[in-house]
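Encoded as structure tokens, the structure appears first; notes follow it.
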Amino acid sequence: MRVGISGSFSDWIEVLSGVPQCSVLGPVLFILFVNDLPDWIKNSMRMFADDVKIWNVIRTDAGDHSLHEDLNTLARWSCKWLLKLNSSKCKVMHIGHDTCTEYHISDDDGNSNVIEQITEEKDLGVYITADLKPSTQC
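With the working numbering, letter number 29 in the sequence shown gets 902, and the count goes up by one each step, no holes.
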């Protein structure tokens, strides 16, 4: 890959992963790049740009196990496509209960990291809280 501006070009460099930033094709390439992720995940999920949310209503140990499996699958997908997963940005929120289930996700080096448990998150300008009350937003 190289950068060109007004007829001047940088040296070629080998790019091992990702898509070009600040380009016309970058967003399209990124969408194509991550398009298969929903095929790997069993639980409900939503994607917005490079942000992924996976959730499950957990009533039994099987539901909890399924969510753990999806986190492991997400880490495998990330390694397969050389798209680095920043485990320090991963968070878990328990909505409607106080169960203290601890979730883990593997980083690029194969280390298992505990996912930070939160009670409030701002997402696209909207505050979501574990009790689903709007007082933080208001």
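Backbone N, C-alpha and C fix where the C-beta goes; we use that ideal spot for every residue, glycine too.
Source: prediction; values computed, not measured.
- What residues in its chain sit with their C-beta under 7 Å from that of Gln1010, if we drop five residues either side in the sequence? On the sequence shown, residue 1010 is found 137 positions in, with the first residue counted as 1. Val999 and Tyr1000, listed in sequence order.
- Message: Is the beta carbon of Asn929 closer than 8 Å to that of Leu947?
- Response: For the purposes of this step, residue 947 is taken as residue 74 along the sequence shown, with counting starting at 1. For the purposes of this step, residue 929 is taken as residue 56 along the sequence shown, with counting starting at 1. Not closer than 8 Å, so no.
- One or two residues paired with Tyr1000 in a DSSP bridge: As a first step, residue 1000 must be located in the sequence shown, where it is residue number 127. In DSSP, Tyr1000 forms a bridge with Lys995.
- Are three or more beta carbon pairs between the region 978 to 991 and the region 951 to 958 nearer than 8 Å? yes
- Answer with buried or exposed for Cys895, where buried requires no fewer than 16 other C-beta atoms within 10 angstroms of its C-beta. Residue 895 sits at position 22 when you count from the first residue of the sequence shown. Exposed is the call here.
- Nearest to Trp871 (by Cα), restricted to the options Ser879, Asp909 and Met874: The structure shown has nothing for residue 871, since the chain only spans 874 to 1011.
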